[in-house]
Each structure stands twice: as structure tokens, then as C-alpha cells.
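Visitor:
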Amino acid sequence: MTVQLPVNEGALSLEQWELVEGLAKTLTPEQARWISGYFAGLDAGLLRSGGNEIAPLQAPQGRTLTILYGTETGNSRDLAKALAANAGQRGLSPKVSDLADYKVRSLKDEQDLLFVVSTYGEGDPPQPSVAFFEFLEGPRAPQLKGVRYSVLALGDSTYEFYCEAGKRIDKRMEELGATRLGPRVECDIDYDDPAASWSEKLIELLAAEADSNAQFLKGEAQGGQSRKGLSLVRTAPVHDKKNPFPATVLENIRIVGRHSTKETRHVELDLGGSGLAYQPGDSLGIVPANDAGVVEELLVAAGIADDVEVTVKKSSVSLASALTSRFEITTATPRFIEQWAKLSGASELQELTRADAAAERVRFLEKHHVVDIVRRFPVGGLDADSLLAGLRPLQPRLYSLASSRAAVGDEAHITVSPVRYELHGTPRGGVASTQIADRLEMGDVVPVYIQENPHFRLPADDVPIIMVGPGTGVAPFRAFLQEREVRAAAGQSWLFFGERNFRSDFLYQAEWQQWLKDGILSRLDVAFSRDAAEKVYVQHRMLEQSRDLYAWLEEGAHLYVCGDEKAMAHDVHDALIQVIGREGDLSWEEAEDYLRRLSADHRYQKDVY
Amino acid sequence: MVEVVDRSTDLSQPLDKLGPDETLKANSDYLRGNIAHDLLDRITGGVTFESNKLMKFHGIYQQDDRDIRDERRRQKLEPALTFMVRVRLPGGVCMPEQWLKIDELARTHGGNTIRLTTRQTFQFHWVLKEEIKPTIQGLHDALLDTIAACGDDARGVMATADPLDSEVDREIAELAKKLSDHVIPRMRAYHEIWYGKERIASSEEEEPLYGATYLPRKFKIAFVVPPSNDVDVYTQDLGFIAIVGAGDVEGFNVTIGGGMGRTDNEPRTYPRLANVIGFIPKERLLETADAIISVQRDYGNRAERARARFKYTIDDKGLDFIKAEIERRLGAPLEPARPFELTSNGDQLGWRETDRGLFNFGLFIQNGRVSDLPGRSIMEGLRAIAEIHKGQFRLTPNQNLIIAGIPAEEKPRIEALLEEHGLSDSAQSSLRSNSIACVALPTCPLAMAEAERYLPDLLTKIEAILAANGLLKDPITIRMSGCPNGCSRPYVAEVALTGRAPGKYNLYLGGGFHGERLNRLFAENIAEDRILAILSEQLSAYARNRSPGERFGDFFNRTVDQAAAA
Numbered sequence: 011m012t013v014q015l016p017v018n019e020g021a022l023s024l025e026q027w028e029l030v031e032g033l034a035k036t037l038t039p040e041q042a043r044w045i046s047g048y049f050a051g052l053d054a055g056l057l058r059s060g061g062n063e064i065a066p067l068q069a070p071q072g073r074t075l076t077i078l079y080g081t082e083t084g085n086s087r088d089l090a091k092a093l094a095a096n097a098g099q100r101g102l103s104p105k106v107s108d109l110a111d112y113k114v115r116s117l118k119d120e121q122d123l124l125f126v127v128s129t130y131g132e133g134d135p136p137q138p139s140v141a142f143f144e145f146l147e148g149p150r151a152p153q154l155k156g157v158r159y160s161v162l163a164l165g166d167s168t169y170e171f172y173c174e175a176g177k178r179i180d181k182r183m184e185e186l187g188a189t190r191l192g193p194r195v196e197c198d199i200d201y202d203d204p205a206a207s208w209s210e211k212l213i214e215l216l217a218a219e220a221d222s223n224a225q226f227l228k229g230e231a232q233g234g235q236s237r238k239g240l241s242l243v244r245t246a247p248v249h250d251k252k253n254p255f256p257a258t259v260l261e262n263i264r265i266v267g268r269h270s271t272k273e274t275r276h277v278e279l280d281l282g283g284s285g286l287a288y289q290p291g292d293s294l295g296i297v298p299a300n301d302a303g304v305v306e307e308l309l310v311a312a313g314i315a316d317d318v319e320v321t322v323k324k325s326s327v328s329l330a331s332a333l334t335s336r337f338e339i340t341t342a343t344p345r346f347i348e349q350w351a352k353l354s355g356a357s358e359l360q361e362l363t364r365a366d367a368a369a370e371r372v373r374f375l376e377k378h379h380v381v382d383i384v385r386r387f388p389v390g391g392l393d394a395d396s397l398l399a400g401l402r403p404l405q406p407r408l409y410s411l412a413s414s415r416a417a418v419g420d421e422a423h424i425t426v427s428p429v430r431y432e433l434h435g436t437p438r439g440g441v442a443s444t445q446i447a448d449r450l451e452m453g454d455v456v457p458v459y460i461q462e463n464p465h466f467r468l469p470a471d472d473v474p475i476i477m478v479g480p481g482t483g484v485a486p487f488r489a490f491l492q493e494r495e496v497r498a499a500a501g502q503s504w505l506f507f508g509e510r511n512f513r514s515d516f517l518y519q520a521e522w523q524q525w526l527k528d529g530i531l532s533r534l535d536v537a538f539s540r541d542a543a544e545k546v547y548v549q550h551r552m553l554e555q556s557r558d559l560y561a562w563l564e565e566g567a568h569l570y571v572c573g574d575e576k577a578m579a580h581d582v583h584d585a586l587i588q589v590i591g592r593e594g595d596l597s598w599e600e601a602e603d604y605l606r607r608l609s610a611d612h613r614y615q616k617d618v619y
Numbered sequence: 007m008v009e010v011v012d013r014s015t016d017l018s019q020p021l022d023k024l025g026p027d028e029t030l031k032a033n034s035d036y037l038r039g040n041i042a043h044d045l046l047d048r049i050t051g052g053v054t055f056e057s058n059k060l061m062k063f064h065g066i067y068q069q070d071d072r073d074i075r076d077e078r079r080r081q082k083l084e085p086a087l088t089f090m091v092r093v094r095l096p097g098g099v100c101m102p103e104q105w106l107k108i109d110e111l112a113r114t115h116g117g118n119t120i121r122l123t124t125r126q127t128f129q130f131h132w133v134l135k136e137e138i139k140p141t142i143q144g145l146h147d148a149l150l151d152t153i154a155a156c157g158d159d160a161r162g163v164m165a166t167a168d169p170l171d172s173e174v175d176r177e178i179a180e181l182a183k184k185l186s187d188h189v190i191p192r193m194r195a196y197h198e199i200w201y202g203k204e205r206i207a208s209s210e211e212e213e214p215l216y217g218a219t220y221l222p223r224k225f226k227i228a229f230v231v232p233p234s235n236d237v238d239v240y241t242q243d244l245g246f247i248a249i250v251g252a253g254d255v256e257g258f259n260v261t262i263g264g265g266m267g268r269t270d271n272e273p274r275t276y277p278r279l280a281n282v283i284g285f286i287p288k289e290r291l292l293e294t295a296d297a298i299i300s301v302q303r304d305y306g307n308r309a310e311r312a313r314a315r316f317k318y319t320i321d322d323k324g325l326d327f328i329k330a331e332i333e334r335r336l337g338a339p340l341e342p343a344r345p346f347e348l349t350s351n352g353d354q355l356g357w358r359e360t361d362r363g364l365f366n367f368g369l370f371i372q373n374g375r376v377s378d379l380p381g382r383s384i385m386e387g388l389r390a391i392a393e394i395h396k397g398q399f400r401l402t403p404n405q406n407l408i409i410a411g412i413p414a415e416e417k418p419r420i421e422a423l424l425e426e427h428g429l430s431d432s433a434q435s436s437l438r439s440n441s442i443a444c445v446a447l448p449t450c451p452l453a454m455a456e457a458e459r460y461l462p463d464l465l466t467k468i469e470a471i472l473a474a475n476g477l478l479k480d481p482i483t484i485r486m487s488g489c490p491n492g493c494s495r496p497y498v499a500e501v502a503l504t505g506r507a508p509g510k511y512n513l514y515l516g517g518g519f520h521g522e523r524l525n526r527l528f529a530e531n532i533a534e535d536r537i538l539a540i541l542s543e544q545l546s547a548y549a550r551n552r553s554p555g556e557r558f559g560d561f562f563n564r565t566v567d568q569a570a571a572a
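Chains as they are written, first to last, in our numbering: chain A, 11 to 619; chain B, 7 to 572.
(1) Any chance you could list the alpha helix (DSSP H) runs of at least 4 consecutive residues sitting entirely within the segment 321 to 347 of chain B, in chain order?
(2) Let's test the definition: count the other Cβ atoms within 10 Å of the Cβ of A:W522 and tell me whether it reaches 16, buried, or not, exposed.
(3) Excluding sequence positions up to five away, which residues of its chain have a Cβ less than 6 Å from the Cβ of B:R552?
(4) Check the Cβ of B:R80 against every Cβ in chain A and list those closer than 7 Å, keeping chain order.
(5) What residues in the segment 250 to 284 of chain A bring their beta carbon closer than 8 Å to a beta carbon of chain B?
(6) Between A:L162 and A:A312, what straight-line distance do the alpha-carbon atoms span, to the nearest angstrom?
(7) For B:L515, which option in B:I471, B:V566, B:K479 has the closest C-alpha, if you only look at C-alpha atoms?
(8) Pull up the DSSP beta-bridge partners for A:A422, would you.
(9) Runs of 3 residues minimum, wholly inside the segment 178 to 257 of chain B: which ones carry the beta strand (DSSP E) assignment?
(10) Does any C-beta atom of chain A lie closer than 8 Å to the C-beta of B:L83?
(11) Mind pulling the chain B residues with CB within less than 7 Å of A:A520?
(12) Measure the C-alpha to C-alpha separation of B:D158 and B:K317 and round it to an integer number of angstroms.
(13) Can you tell me which of the three DSSP states B:A526 falls into?
(14) Give every residue of the same chain whose Cβ lies closer than 8 Å to the Cβ of B:D22, excluding the five residues on either side of it in the sequence, and list them in chain order.
(15) In the DSSP assignment, find the unbroken alpha helix (DSSP H) run with A:S331 in it and report its ends.
(16) So does the segment 412 to 427 of chain A actually touch the segment 470 to 485 of chain A, counting three or more Cβ pairs closer than 8 Å?
(17) Could you check what DSSP says for A:A577 in three-state terms: helix, strand or coil?
(18) Given this structure, state the Cα-to-Cα distance separating B:C489 from B:T114, to the nearest angstrom.
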């Protein structure tokens with residue numbers, strides 16, 4: 011069979027070219043992308059069927075490139091898209107796909123694969139990618155000899171299983187016979203620089219190959235296209251994580267009643283003029299600032315004056331200012347232990363830096379904030395840069411948006427439950443949540459951006475939805491119902507809500523009541539755990555309603571779970587398996603499969619934290 | 007022989023010609039409605055509008071804490087809904103073991119406080135929806151219920167609290183109970199909903215007296231034993247003035263058509279004093295009550311609730327017609343009324359010895375609020391007394407409490423307990439002991455201004471005026487209501503304040519000392535400084551110019567009329 015490569019000059023007849031051109035005029039951008047993917051896939055197939063010999067690595071014949079990402083919060087997606095854009099600039103034609111949407115059967119047909127994947131919780135893959143991991147790590151995974159790959163693994167070094175999801179892909183690809191294009195790179199939450207360097211190296215490599223391949227095929231040089239100093243190009247809006255919008259606080263009110271054991275707040279922010287858009291299900295990123303008292307405590311413990319000048323990202327600021335708005339100064343990281351072990355020489359810290367001490371390290375970090383380590387292992391004559399060297403950049407905090415733009419216009423609403431606890435006899439708290447609760451007045455300004463959440467989306471208007479959102483997990487469902495109200499959506503909706511006490515903690519109670527009355531909300535089941543001797547949670551209500559719940563699922567309802575992962579999502583998941591097993595007369599495994607299929611069909615979506 | 011009267015607003019009309027409450031009652035399946043379902047609704051701490059209306063017949067009102075209503079609205083929470091549960095306590099008679107139960111229920115479900123009402127009963131406030139049932143079942147254990155404590159029916163029957171003649175007292179208390187049991191709705195719904203009794207199929211008429219739509223409006227009944235008029239018999243829909251012969255009750259003068267409620271800026275509503283229409287022997291008590299209630303049932307205005315009370319039926323149809331209709335139903339004319347004399351509508355406080363050598367102690371309870379205050383632990387003290395007391399407790403129409411029937415040998419122990427809990431001192435001014443305020447804010451949905459929480463402070467300021475004029479020992483009745491509806495019976499008081507807006511009141515002066523004359527509106531919509539200025543002027547004139555023995559209300563009335571005539 012003669013292989014006609016489209017890059018080859020004169021490969022198309024005039025007639026063919028006219029057909030292509032005529033078709034191109036009718037295409038939407040999505041269709042054009044699909045067509046390009048189609049031909050790319052066809053191309054790969056043709057090459058395969060053309061003979062069993064694999065193209066030599068040194069001279070690949072127009073290999074396909076696929077970039078796969080796994081994400082919950084969108085960071086990996088953004089990086090993958092930037093990577094694809096840069097690759098495109100270098101003449102490569104990558105396909106980009108979320109692991110959640112990727113057809114695992116195509117894996118055997120891939121040639122070059124780049125993974126950008128985040129890790130969540132206790133070393134878990136991003137929830138929407140779980141099915142991919144199950145396939146890849148399962149017995150049905152194909153041999154991938156000839157496939158080349160590299161993994162960019164995102165994680166948070168304060169967790170014990172750091173970058174675990176990326177490590178799993180890397181290891182498994184190797185087991186399946188694939189070859190590394192480059193070593194796995196692990197990034198902490200300040201991932202920008204290592205991610206950019208990983209991308210640059212791979213694009214350089216692949217672009218150079220493609221150039222020489224094209225040269226080889228065309229018999230003539232295309233001229234030097236190589237661009238040095240490649241940087242990640244983002245196609246993001248004007249205001250994003252790097253350039254947040256200063257939003258004015260319109261409302262910041264405690265929405266739990268008197269005598270509540272909680273202090274949950276409802277916050278409304280003005281996005282007017284920001285150009286920021288969001289959809290129900292998206293999150294709001296808030297760029298927080300540390301409490302002055304916490305900064306002061308650390309400065310005193312470290313014995314450094316607050317006005318010492320330091321250089322952060324090439325600009326000069328006072329140490330106090332850097333500690334307030336540039337660095338995480340509460341929760342410490344392994345990096346800080348390492349740095350402090352070096353500075354203090356403390357053997358206890360040095361022990362903790364050992365590779366096999368991960369579990370001890372995590373336990374130690376749970377009990378020791380930065381200031382506790384600085385106090386407990388004093389370092390004489392400490393300078394500011396040594397202190398900063400162990401700290402990681404201050405990260406934005408994400409809050410599920412509790413509003414729909416269709417209903418609230420340029421506002422963004424969030425529901426915040428301040429995190430407070432005690433450590434070593436002193437009160438501690440979450441950076442952003444206590445800032446919101448204690449230091450953010452109406453009229454103040456706070457930097458924000460929108461974090462898309464494509465795996466937490468309303469279905470078509472006529473599709474029934476089941477929402478499980480105890481505590482602040484109910485926030486996105488307020489957005490869902492606002493949206494459905496404005497759209498006059500016909501689909502049924504069912505909310506499960508839970509909190510501690512009915513009379514004080516029934517978040518947005520009056521609104522649900524009104525939506526019930528108006529038929530926007532079809533059903534509402536509530537569980538309050540501290541009103542009676544026996545604790546009742548949402549999963550108990552779900553089990554009580556198992557027949558109807560299963561009937562809704564069978565009728566095509568989409569199922570959403572939002573809220574605390576450890577304390578809730580697992581129990582809810584198990585309750586769902588029980589419901590499906592009981593009502594569908596299925597075994598535990600079959601019911602799990604049922605849920606997995608729901609998940610694969612994007613009908614079981616989670617936003618858990 | 008029966009005159010032709012206008013029947014366009016009464017029971018003879020189809021439901022669609024009448025007010026919406028009539029349809030609600032008619033469709034309620036004899037007061038069942040959806041109450042049982044609403045009690046289980048976890049989404050709200052309240053019940054629906056319809057269930058709330060029906061629950062009144064069960065003695066229960068939905069209320070909310072108005073102090074935090076706006077706060078909760080901003081928090082996107084429903085109002086802090088709770089329920090008021092009112093006990094049916096004919097004649098205000100409460101046995102010590104019942105007191106202990108009431109005390110216990112108040113501590114477990116009623117926010118640690120009990121309210122003694124102007125109709126001689128207990129009210130629990132702050133009862134949560136899920137605690138209504140345990141509260142009512144707890145009352146049931148003490149042989150008490152809440153039937154018809156509210157609603158369009160014959161409300162709790164009152165009776166003079168503190169007669170010194172023990173035979174008459176016993177007889178009147180028994181008759182009050184008997185009449186109350188007779189006139190309340192049969193209401194099997196109550197037993198089903200609150201006690202969990204099975205619904206029994208029966209061909210028997212569920213409400214032989216009331217029918218499916220009950221009465222057009224509430225209907226209040228009281229017995230009075232002259233010379234006391236503590237129950238304010240002229241403010242009752244139906245009153246029985248005991249006529250005592252040689253040692254026992256011979257019968258009653260019957261009064262009809264009293265009522266306090268009015269609406270601001272609505273001249274077709276007004277307080278009205280009852281008419282004495284004749285005398286009945288005591289054997290005809292129940293049939294007389296049936297006849298009178300049935301006349302109101304059949305002729306009362308069901309198209310317009312504001313005009314539905316019996317007093318308007320009488321004025322609209324004419325007293326002669328109503329009386330004739332009552333007599334027709336009784337099958338005989340009423341006898342002419344017998345002479346009687348009423349002297350005061352206040353209470354006797356402190357120790358009194360009764361005819362059998364037993365002792366009564368009249369305990370002043372400001373606005374009927376039983377709770378524990380610094381230096382005055384009313385709730386604790388009364389519980390301690392209830393544990394040893396062998397007589398009765400009598401709730402008075404002025405919201406005070408008589409510890410009644412104490413044998414001489416028990417008196418020291420009771421005295422010691424009163425002393426211990428700061429309850430023995432009854433040295434407040436006569437003005438204060440004769441004062442009444444309704445509950446008003448924060449729980450009453452009708453209140454426009456404070457009453458219970460404000461009157462004590464206002465009294466302190468008025469007492470200064472009284473002291474300056476040497477009037478501290480002169481009994482003057484003062485009553486305050488948070489709205490014009492008049493639960494504290496303000497329109498027969500010598501001085502009355504009814505709420506118009508927060509901090510603003512209408513001031514009425516000149517009511518009769520024993521409730522025989524309505525007062526007059528003196529100033530509208532005024533604040534405290536103006537109230538005090540007017541009272542200062544009026545009380546000093548009274549102190550200077552009164553005739554010997556002349557009451558303040560009488561003095562005011564006389565001088566105002568003289569000034570008008572001059």
C-alpha cells in the first residue's frame with residue numbers, strides 16, 4: 011500500500027485539495043479539531059498496517075503526540091493546554107485530552123504520550139481519572155512497546171504520598187513496555203518552574219525529531235524553526251491565578267443561627283469589570299494573606315526584624331511583607347524540615363528527612379507548624395533568606411461558587427466555614443478561611459480568580475439531578491438551583507443536606523424552602539447529626555430513600571457529591587453501592603461497576619476536599 | 007314570631023359566601039387537617055398556614071422569636087419558629103402534683119419559664135415542634151389537656167379565684183370544670199394526633215354542638231362570685247354572676263356580649279361591655295350555655311372575622327332578638343336578674359384567712375411570669391411549695407397566684423419557703439399589684455409594641471409620680487397590651503396603654519374600678535415622655551381634687567365630663 015503523506019508536497023491531487031478546502035469552509039473549530047484528530051489517527055493506523063516494523067527511534071516518521079492530563083482543580087489541565095499550545099507553535103500537532111474523557115482502547119494506538127497528572131488526598135488520582143487508572147493498572151492494559159512517554163507529576167509535599175498518581179503512571183507505563191522520553195518530574199504546589207522546564211525539554215526533543223523527519227521525508231530543509239527560551243503560553247482570561255482580580259466584598263455574614271457550634275459564613279464578592287466568567291460548579295480562587303499576628307510570632311521566634319529587605323521573585327520587599335503575602339507560614343513541608351535540619355543540625359529533624367521516614371514526617375508535620383519548628387529547634391544568627399528558603403509560596407484557596415451568574419450577575423458567592431483548632435496550646439486557623447471570617451470587612455478588597463471545574467457540571471435542563479452536599483458542600487448546589495431557576499429547567503432535582511443542628515445550621519434553609527415551594531427543587535432530605543441522641547448523616551437518609559434514589563438513577567439522573575472527602579464522600583459512596591445493590595439486586599462488585607459506569611458517563615461527579 | 011333578621015353572613019350561607027376560615031374548618035376533617043404530616047416535616051421548624059390555624063383549636067400557636075426575625079432573614083434561615091402551648095385549666099384550679107408536672111414540662115420543653123395568663127391558665131412558650139407531643143402527653147399524665155385553649159370555640163372557662171366562702175368556691179370551681187368539659191369540641195383529632203390513638207370509624211356526629219365549622223370566632227366564658235369581679239365579667243362573651251342564697255349557689259345572672267378586641271382606625275370594631283339579660287337557676291346552666299353558644303353559632307358573622315365576635319352579633323341583630331332566640335331555644339323566658347354588687351377587679355395579695363380557718367396566700371407575680379429572678383426565685387420556690395402543699399394553687403385573672411387552703415399548722419413551713427425564695431415580700435405599690443400586661447414581644451405575632459418586658463420599668467417611673475402625690479397606697483388599675491386586641495383587658499382599666507408601634511402607645515383613661523365602665527382614648531400614638539407627662543398632670547389633679555373615696559377612673563370621668571359641659 012502506498013502511503014501518501016499530506017506533508018509531502020504534491021501529495022494531494024487538485025481535486026482532493028478542492029474537496030479538503032470545500033470541507034474546511036463548513037467546519038466549526040471543534041469539527042476542524044475532530045477532523046485533524048481523525049486524520050492523525052488514520053495516519054497512525056495506516057503506518058501500522060503498512061508493515062510491522064516500528065520506525066526507528068532516531069528517525070520517527072511523523073509520530074503522533076497525545077497529551078493527557080488528570081485534574082480536579084484544573085492546574086494540570088492548564089499546564090497541558092499550555093504545553094499543547096507551545097508544541098503547536100513548534101510545528102507539532104498534539105491531541106489533548108482529559109484522562110476522564112480519554113478512550114482507553116486508543117492507548118494501544120498511541121505513539122508519544124505526555125502525562126500531566128495531579129495527586130489528591132492520600133495519594134489518590136484525580137477523581138474523574140479513576141477509571142483510566144483502573145484500566146491502566148488492570149489486566150486488560152495493552153503492551154505498549156514502541157510507545158514513548160514522560161510524566162509531569164503534580165502534588166503537595168505536605169502529604170505522605172507525594173505525587174503518587176504520577177509515579178503510578180510512570181511505573182506502569184514502564185511495566186507495559188513503553189520507553190521514557192524523559193525522566194518523571196515531580197512538582198510541589200509551586201509547580202510553574204519545574205513544569206516549564208519539563209515542557210521545554212520535551213518539546214525541544216520532539217520538535218527537533220519532527221524537523222529532521224520532515225527534512226528526511228521532503229528531502230529538503232525547512233529552515234531552523236527552533237526557538238530558544240520557550241515559555242508556557244497561556245490562553246487564559248485577563249484575570250487568572252497569576253493575575254487575580256481585586257474583588258470588593260459586598261456581604262460577609264455568619265449564616266448559622268445563634269447557639270450554633272459552627273461559624274459558617276456567606277460571602278458575596280463583586281466581580282464587576284473583571285471580565286471573569288464562571289459556570290455553576292466552578293470554584294473561586296482566593297489569594298489570601300497571613301494574619302499579622304502569625305507573621306509577628308514567626309519573626310519573634312526566628313529573631314529577625316520585620317523590616318529586613320528580602321528579594322522575592324526579583325523584587326525587593328520587607329521580610330514582614332514577604333511572610334504576609336508570599337509564603338505559607340503555617341503548615342510546614344518536608345522541604346522546610348530539610349532546610350531546618352540543615353540550619354539547626356538537629357538530629358531529630360535529620361532523622362525525619364530520611365526517605366523511609368515519610369510516615370513519621372507526615373505525623374510530625376501535623377503537629378508542627380513552621381513557628382513550632384523554629385521555636386523548638388532554634389537557629390542562632392538566622393538570616394532572612396535562610397528562613398525563606400524552606401518556605402513554599404503562598405497558595406490560593408479554592409471555594410466552590412455558591413452562585414450562578416445567570417442569577418446574581420457580576421457577583422460571586424461562596425460559603426466558608428472557618429478552620430480553627432489548637433496546637434501547642436495556641437489557637438491556629440486556616441489562612442484564607444480565618445482571614446475571611448476575622449479580617450475581611452464589607453468594602454474590603456480581596457484578590458480572586460475563577461478555577462474551572464469541568465467535571466462538575468449541570469446536565470441538560472430536562473435531566474434529573476441528585477445532589478449530596480452536607481455542610482459547606484451544599485454551596486455548588488445553590489448555584490445549580492439558581493441556574494435552573496433562571497433557565498426554567500424542567501428537570502427534577504433532589505438535594506440531600508446535612509449539618510449538626512437543624513435550628514442553627516440549616517445553610518440557606520429559607521432558599522431551599524422557597525425553591526421547594528416553587529418546584530425548582532423537587533425533593534429535600536436533611537440529616538442533623540446533633541439534634542438527637544443517635545447521629546444521623548446524609549448517607550442514612552439516602553439509604554432510607556433507596557428505592558426512589560435508585561429509580562432516579564435508572565431514569566438517568568446525574569449524581570453530584572460535594573464536601574468533605576474523608577468524613578463524608580466515602581460513606582456516601584458506600585451508601586450508594588448499598589442502594590444500588592439492594593434495589594438493583596446486584597452484588598457489591600456489580601454495584602461498584604454500576605457506579606463506575608455512572609462515573610465514566612459523567613453522571614457521578616464529585617467535588618470533594 | 008321570630009323577627010326577620012339579616013342572614014347574609016351566617017351559617018345559612020354556602021361556604022363560598024363566607025370567609026376563607028370557614029372553608030378551612032369545613033375541609034379540615036374535624037380539625038385533623040395535615041397536622042400529623044406537618045409535624046414530621048423536617049424541612050421546617052413550623053407548620054403550614056392551614057395547620058397553624060387548625061392547631062389553635064388544639065391549644066397551640068406557632069410563633070417566632072421576633073427579636074431575631076430580621077437577623078435570621080439575613081442569615082437565610084427561616085424565623086426561629088417555636089410554639090406556644092396553652093393549657094385548659096377551668097377556674098384556674100391546679101393541684102400541687104399538677105403544678106409539679108407543669109414545672110417539669112417547662113424545664114424540659116418550655117424554655118425554663120411558665121406564663122400565667124389573664125385567663126387563669128398556663129402557657130408554655132418556646133416549645134419546639136418535635137416537643138409539642140411530649141409536652142401534651144406530659145400534661146395528659148397530669149390529667150390536663152389543651153383542647154380549645156385557642157380557636158373558634160368556647161375557650162377555657164374562668165372563675166373567681168379567691169372567694170372566702172369555701173362552699174361557694176368549691177361549687178363554682180366544679181361547675182366551671184363541668185361547663186368547660188361540656189362546651190369544648192369533642193375533637194377526636196386531638197386524641198389521634200397527640201396521644202397516638204387509632205382513628206375509630208363511627209356513625210356518631212363528631213361535633214354535636216359545633217358542627218364542622220365550629221364557631222365564627224373565639225367565645226369566652228366566666229363565672230364570677232360577687233363582690234369580686236376579678237374575671238372582669240363584663241368583658242366576657244358569656245358570664246355567670248353567682249347569686250348566693252343561704253349557704254350555696256342558687257343560680258346565676260347571665261351576661262352576654264362582652265369583648266375587648268378592636269382594630270385601630272376601624273370604627274366598626276370596638277370594645278363592648280356585656281349586658282345582664284336575666285337569671286337562671288343553676289340546674290339550667292349547661293342548657294343555657296348550649297342555647298347561647300348555638301345562637302352565636304347560627305347567627306354570628308362568618309363573612310368578616312373582624313366582626314365575628316358575639317358582641318357584634320348582638321349589636322347587629324339586636325339584643326332583644328338575641329335574647330328572644332336564646333329563650334326560644336331554652337323553651338322558657340329567663341327570670342329577671344337578681345341584685346348583686348361588684349366592687350373590684352383586682353386581687354387580694356398576702357395572707358388571708360378563709361371561713362374554715364384555712365389560709366390563702368396571694369403571691370404577686372409580675373405579669374404572670376414564673377421564672378427565677380435574682381433574689382426572687384419564683385419557679386424554684388413554687389416547686390418547693392408544691393412538693394409539700396396539700397391544698398390547691400389558684401391562678402388569678404390578674405396573673406397572680408393564690409396558694410389556697412393552707413391549714414394553720416402548715417402555714418409556717420409555707421412561710422419559710424416563701425421567705426427562702428424571696429417571695430414573702432408583697433410590698434409593691436398598689437398600682438403594681440393591680441397591673442396586667444400581655445406577653446407581646448418577642449413571641450406574640452400580633453404585638454406592635456412591648457408589653458410584658460416594658461411595663462415593669464414604666465411602673466417604676468409612674469410610682470415616682472404616685473409617691474410625689476402621696477398615692478402609693480391607692481389601688482389604681484393599669485393594663486398594657488402590645489396591640490389593640492386587648493388580651494390584658496385594657497379597655498376596662500382606669501389607665502390603659504395599647505401598642506401602636508415600637509415605643510408608641512394609645513393612652514386610655516377612666517375605666518371603672520371594678521370593670522363596669524369602658525375607658526376613653528385620651529392620647530394617641532405617644533411615647534414614654536408624653537405618657538409620663540399626662541399621667542403626672544392627671545394624677546396630681548386627682549390627688550388634690552378627688553372626693554373622699556373616689557377612684558381615679560371615676561374622678562377622671564367626672565372631671566372630663568364637667569369640663570366638657572362647662
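Just so you know, even glycine gets a beta-carbon here, dropped at the ideal spot from N, CA and C. Given the structure is predicted, the values throughout are model-derived calculations rather than measurements.
Guide: So, from the listed chains and residues:
(1) Every unbroken stretch of the alpha helix (DSSP H) spanning 4 or more residues and falling wholly within the segment 321 to 347 of chain B is given here in chain order: 325 to 336.
(2) Locating residue 522 of chain A in the first sequence gives position 512, where the first residue counts as 1. A residue is called buried once 16 or more other Cβ atoms fall within 10 Å of its Cβ, and A:W522 is buried on that count.
(3) Working through the second sequence from its first residue, we reach residue 552 of chain B at position 546. The residues are F561.
(4) Your numbering for residue 80 of chain B matches position 74 in the second sequence. Around B:R80, the beta-carbon contacts reaching into chain A at under 7 Å are I263.
(5) When C-beta distances to chain B are compared with 8 Å, the residues of the segment 250 to 284 of chain A below that value are I263, R264, I265, V266, G267, R268, H276, in chain order.
(6) Working through the first sequence from its first residue, we reach residue 162 of chain A at position 152. Working through the first sequence from its first residue, we reach residue 312 of chain A at position 302. So the alpha carbons of these two residues sit roughly 35 Å apart.
(7) Taking the first residue of the second sequence as position 1, residue 515 of chain B is located at position 509. The residue from B:I471, B:V566, B:K479 with its alpha-carbon nearest to that of B:L515 is B:V566.
(8) Counting from one through the first sequence, the residue named residue 422 of chain A turns up at place 412. Paired residue(s): A:L279.
(9) Qualifying beta strand (DSSP E) stretches, in chain order: 227 to 230, 244 to 250.
(10) Numbered from 1 along the second sequence, position 77 holds the residue referred to as residue 83 of chain B. Cβ-Cβ to chain A under 8 Å: yes for B:L83.
(11) If you number the first sequence from 1, residue 520 of chain A lands on position 510. Those within 7 Å of A:A520 in chain B are K82, L83, E84.
(12) Numbered from 1 along the second sequence, position 152 holds the residue referred to as residue 158 of chain B. Numbered from 1 along the second sequence, position 311 holds the residue referred to as residue 317 of chain B. Their backbone Cα atoms lie some 15 Å apart in a straight line.
(13) In the second sequence, residue 526 of chain B corresponds to position 520, counting from 1. According to the sequence shown, residue 526 of chain B is Arg rather than Ala. Strand, per DSSP.
(14) Locating residue 22 of chain B in the second sequence gives position 16, where the first residue counts as 1. Closer than 8 Å at the Cβ level, and outside the excluded window around B:D22, lie T29.
(15) Along the first sequence, one-based indexing puts residue 331 of chain A at 321. Following the DSSP letters along the chain, one finds A:S331 inside the alpha helix (DSSP H) bounded by residues 329 to 335.
(16) Contact holds: three or more Cβ-Cβ distances are below 8 Å.
(17) The residue you call residue 577 of chain A lines up with position 567 of the first sequence. In this structure, A:A577 counts as helix in the three-state DSSP scheme.
(18) The residue labelled residue 489 of chain B in the question sits at position 483 within the second sequence. The residue labelled residue 114 of chain B in the question sits at position 108 within the second sequence. Looking at the two C-alpha atoms, the distance is approximately 30 Å.
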